[in-house]
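K.L.:
Residue numbers (the numbering used here): 785 to 1188.
For every residue, glycine included, the Cβ atom is placed at its ideal position computed from N, Cα and C.
Set out below in structure tokens:
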């Protein structure tokens, strides 16, 4: 009989990671729970309840009879994630910290800590996602050599591990895992892959995890806590006041404290205006924020975007895209938004153009375009450029004397 497999489970103090650890224990593995501290809550007056979350994770670990560790990535998070976010905001983009944190902290620093320091055979998380591997396949990965040479991709691509949507489509988290490195995915188990959120809650209740069941599900950015985003970001970026300008007639409608406090599609609350106005564009050179009077104004609708170098989870593009440079698939740029049919074109620099089957509201630079082929999440790329809006196209047709 072989040795008992050692699995390190990332534990956040929430119901999902708690049940993930429980299921691993039931499978007979030697489980170690680890809580990651990524933000120094003491700097923010304790707004992020890291101490409480850590205590909840420790309590679950104790009830399961598994060892528990804390590890701090505050410094790494600041340098690798938060500083990058500030740069993105200063450039007028709207970054996605969850995708970046998963890539650079959880599936880089933490993954290496679990495997190299704690000696894990595999790492587990409470994400709603699945791969094409069984647990034993994951454990076998540690015996497969990884040549660190120019031929690495050629060697590994023979049998890449693929990422698929979880059984609970409403809670599927492949969007947030779309930048996961192939090496990390090979050594990761997702115990909640085939479960729904309701069933996970049922397991937690039966296990007596009442203290985590009562907690509200975290929806926002953890390090902002309950504060308004504007109040938070202005602690780190110098105010850049400017004007709200109507996209329709160029009229100045009001003033703002900084373009980086707004994202495309967001309602612009302007004093003295009864009707709602929405952000449709930003000019970081003049500090002007362009606004439009309706939530689905043509200036908010676009069907084309370009990404930076695309991250393919399988480490190279699908064969049909390599062969023809074009591919039909689906994408989303916001978690839980419906998947939209699209055509993808591969560029020589590794970036892609994505053309949606219909104009979409508030495509936003800095967000990630995540591609899907059937159930498989292919990967993602950061949106760097947008095609013309419907408003711009209408104005062009007017100037040419054609139908609007």
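I need the straight-line Cα distance from residue 1105 to residue 858, nearest angstrom please.
P.N.:
Taking the chain shown and counting its residues from 1, one reaches residue 1105 at position 321. Taking the chain shown and counting its residues from 1, one reaches residue 858 at position 74. Rounded to the nearest angstrom, the two C-alpha atoms are 40 Å apart.
K.L.:
Helix, strand or coil, according to DSSP, for residue 819 in the structure here?
P.N.:
For this step, residue 819 is matched to residue 35 along the chain shown. The answer is strand: DSSP assigns residue 819 an E or B state.
K.L.:
Note down the Cα distance separating residue 801 from residue 1177, rounded to an integer number of angstroms.
P.N.:
The residue labelled residue 801 in the question sits at position 17 within the chain shown. The residue labelled residue 1177 in the question sits at position 393 within the chain shown. C-alpha separation (whole angstroms): 48 Å.
K.L.:
Which residues mark the beginning and the end of the alpha helix (DSSP H) in which residue 913 is found?
P.N.:
Within the chain shown, residue 913 is the residue found at index 129, counting from 1. No alpha helix (DSSP H) holds residue 913; the beta strand (DSSP E) holding it covers 913–915.
K.L.:
In terms of alpha-carbon separation, which member of 915, 960, 978 and 848 lies closest to residue 946?
P.N.:
Within the chain shown, numbered from 1, the residue matching residue 946 stands at position 162. Of the listed residues, the one whose Cα sits closest to residue 946 is 915.
K.L.:
Rank 876, 917, 1022 and 961 by C-alpha distance to the C-alpha of residue 911 and give the top, closest one.
P.N.:
Locating residue 911 in the chain shown gives position 127, counting from the first residue. The shortest Cα separation from residue 911 among 876, 917, 1022 and 961 belongs to 961.
K.L.:
Determine the burial state of residue 989: buried for a count of at least 16 other Cβ atoms within 10 Å of its Cβ, exposed for fewer.
P.N.:
As a first step, residue 989 is located in the chain shown; it is residue number 205 there, counting from the start. With fewer than 16 Cβ atoms within 10 Å of its Cβ, residue 989 is classed as exposed.
K.L.:
With burial defined as no fewer than 16 other Cβ atoms inside 10 Å of the residue's Cβ, what is the status of residue 1091: buried or exposed?
P.N.:
Mapped onto the chain shown, residue 1091 falls at position 307. Answer is buried; the Cβ neighbour count reaches 16.
K.L.:
Enumerate, from N- to C-terminal direction, the unbroken beta strand (DSSP E) stretches of 3 or more residues contained entirely within the stretch 1071–1105.
P.N.:
DSSP runs (the beta strand (DSSP E)) wholly in the stretch 1071–1105: 1072–1076 and 1085–1091.
K.L.:
Taking the straight line between their C-alpha atoms, what separation do you get for residue 824 and residue 860?
P.N.:
Residue numbering aside, residue 824 sits at position 40 when the chain shown is read from its first letter. Residue numbering aside, residue 860 sits at position 76 when the chain shown is read from its first letter. Rounded to the nearest angstrom, the two C-alpha atoms are 11 Å apart.
K.L.:
DSSP three-state label for residue 869, please.
P.N.:
Position 85 of the chain shown, counted from the first residue, corresponds to residue 869. The answer is helix: DSSP assigns residue 869 an H, G or I state.
K.L.:
How close, in whole Å, do the beta carbons of residue 805 and residue 848 come, if the pair is a contact with beta carbons under 8 Å?
P.N.:
To locate residue 805, count along the chain shown from 1; it is residue 21. To locate residue 848, count along the chain shown from 1; it is residue 64. Confirmed, about 6 Å.
K.L.:
Can residue 1021 and residue 1041 be called in contact, C-beta distance under 8 Å?
P.N.:
Residue 1021 sits at position 237 when you count from the first residue of the chain shown. Residue 1041 sits at position 257 when you count from the first residue of the chain shown. Taking 8 Å as the Cβ cut-off, residue 1021 and residue 1041 do not qualify as a contacting pair.
K.L.:
Do residue 1171 and residue 1136 have their C-beta atoms within less than 8 Å of each other?
P.N.:
Stepping through the chain shown from its first residue, residue 1171 is reached at position 387. Stepping through the chain shown from its first residue, residue 1136 is reached at position 352. In this structure, residue 1136 does not lie closer than 8 Å to residue 1171 by Cβ.
K.L.:
Residue 808 lies in the alpha helix (DSSP H); which residues open and close that run?
P.N.:
For the purposes of this step, residue 808 is taken as residue 24 along the chain shown, with counting starting at 1. Segment 799–810, the alpha helix (DSSP H) holding residue 808.
K.L.:
Threshold first: 3 residues or longer. Then list the beta strand (DSSP E) segments lying entirely within the stretch 1019–1062, N to C.
P.N.:
Entirely contained in the stretch 1019–1062, the beta strand (DSSP E) runs reaching 3 residues are, in chain order, 1026–1030 and 1036–1040.
K.L.:
Taking DSSP as the reference, what is the three-state secondary structure of residue 876?
P.N.:
Position 92 of the chain shown, counted from the start, is the residue given in the question as residue 876. Residue state, collapsed to three classes: coil.
K.L.:
Please state whether DSSP places residue 1135 in a helix, a strand or coil.
P.N.:
Translated into positions along the chain shown, residue 1135 becomes position 351. Residue 1135 falls in the coil class under three-state DSSP.
K.L.:
Relative to the alpha-carbon of residue 812, which residue among 850, 1145 and 997 has its alpha-carbon at the smallest distance?
P.N.:
The count along the chain shown starts at 1 and reaches residue 812 at position 28. Answer by Cα proximity: 850.
K.L.:
Counting along the chain, where does the beta strand (DSSP E) carrying residue 1168 start and finish?
P.N.:
Within the chain shown, numbered from 1, the residue matching residue 1168 stands at position 384. Its beta strand (DSSP E) spans residues 1160–1170.
K.L.:
Quickly, what does DSSP pair residue 964 with across the bridge? List them, please.
P.N.:
Stepping through the chain shown from its first residue, residue 964 is reached at position 180. None, per the DSSP bridge assignment.
K.L.:
Is the stretch 1072–1089 close to the stretch 1139–1147, with three or more CB pairs under 8 Å?
P.N.:
The stretch 1072–1089 vs the stretch 1139–1147: in contact.
K.L.:
Give the straight-line distance between the Cα atoms of residue 1061 and residue 1114, rounded to the nearest whole angstrom.
P.N.:
Taking the first residue of the chain shown as position 1, residue 1061 is located at position 277. Taking the first residue of the chain shown as position 1, residue 1114 is located at position 330. Computed Cα separation, rounded: 30 Å.
K.L.:
Counting Cβ pairs, one atom from each stretch, are 3 or more of them under 8 Å apart for the stretch 1107–1125 and the stretch 833–849?
P.N.:
With a cut-off of 8 Å, the stretch 833–849 and the stretch 1107–1125 do not count as touching, because too few Cβ pairs lie within range.
K.L.:
Take every Cβ of the stretch 1033–1053, pair it with every Cβ of the stretch 870–884, and state whether three or more of those distances are shorter than 8 Å.
P.N.:
Touching, yes, given that three or more Cβ pairs across the two stretches are closer than 8 Å.
K.L.:
Helix, strand or coil for residue 1125 per DSSP?
P.N.:
In the chain shown, the residue the question calls residue 1125 occupies position 341. Of the three classes helix, strand and coil, the one that applies to residue 1125 here is strand, per DSSP.
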